[in-house]
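Asks: Following this message is one structure expressed as structure tokens.
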Amino acid sequence: MKKTIKKMLSLILCLVLVSGTMVMITGCNGDLMDPPWVSETTEDTEIKTEKSFTFVVTDADGNETTFNITSDKQYVGEALFDEGLIEGEEGPYGLYVKYVNGMYADYEVTGTYWAFYIDGEYAVSGVDKTDIEDGREYSFKVEK
């Protein structure tokens with residue numbers, strides 16, 4: 719009797735599994751569905767990679783020159799370098815900017831340096847490590 723019940727349960731289990739498999743196979747009709755994270759509008763969506771910011775240069779006499787920069791670079795330093803607005807050399811703390819808009823400042827030579835500001839506040843990061851944020855104002859000022 720126990721063998722008969724076991725055989726019966728095995729047969730029922732097999733029939734359920736086969737039926738479930740058949741339902742799954744015929745339910746798809748051969749069509750593959752896109753994963754849920756794929757949207758039909760993906761092709762029409764543009765990803766904005768360019769960011770715009772204002773760049774202000776203040777020379778030793780206090781004269782200001784303003785530039786509107788649009789770039790796809792990640793860092794402010796990269797964007798300004800590509801525009802030909804800054805030059806410098808790598809130092810122990812990152813890029814040591816010596817030329818801004820063609821004007822020279824090097825503390826060891828002239829006793830002045832280029833100070834980097836973000837929205838009018840003295841920056842706590844170097845120009846080469848500062849991420850570009852849309853609409854911000856970045857500036858360099860000659861200081862002693």
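The sequence shown maps to residues 719 to 862 in the numbering used here. Virtual Cβ for every residue (Gly too), placed ideally from N, Cα, C. Please read all numbers here as calculations on a predicted model, not as lab measurements.
#1: Are the CB atoms of Val-794 and Thr-784 within a distance shorter than 7 Å?
#2: Specify, as a first and last residue, the run of the alpha helix (DSSP H) that Leu-798 falls within.
#3: Rounded to whole angstroms, what is the Cα-Cα separation between Tyr-856 and Asp-790?
#4: I'd like the span of the beta strand (DSSP E) that includes Thr-784, first residue to last.
#5: Does the distance from the CB of Tyr-814 to the CB of Glu-807 come in under 7 Å?
Replies: Let me lay it out:
#1: Here residue 784 is taken as the residue at index 66 of the sequence shown, counted from 1. Here residue 794 is taken as the residue at index 76 of the sequence shown, counted from 1. In this structure, the beta-carbon distance from Thr-784 to Val-794 does not fall below 7 Å.
#2: Here the question's residue 798 lines up with position 80 in the sequence shown. Per DSSP, the unbroken alpha helix (DSSP H) holding Leu-798 starts and ends at 794-800.
#3: Position 138 of the sequence shown, counted from the start, is the residue given in the question as residue 856. Position 72 of the sequence shown, counted from the start, is the residue given in the question as residue 790. Distance between the alpha carbons of Tyr-856 and Asp-790: 16 Å.
#4: Working through the sequence shown from its first residue, we reach residue 784 at position 66. That run of the beta strand (DSSP E) goes 782-789.
#5: By 1-based counting over the sequence shown, the position of residue 814 is 96. By 1-based counting over the sequence shown, the position of residue 807 is 89. Yes, the pair counts as a contact, with Cβ atoms nearer than the cut-off.
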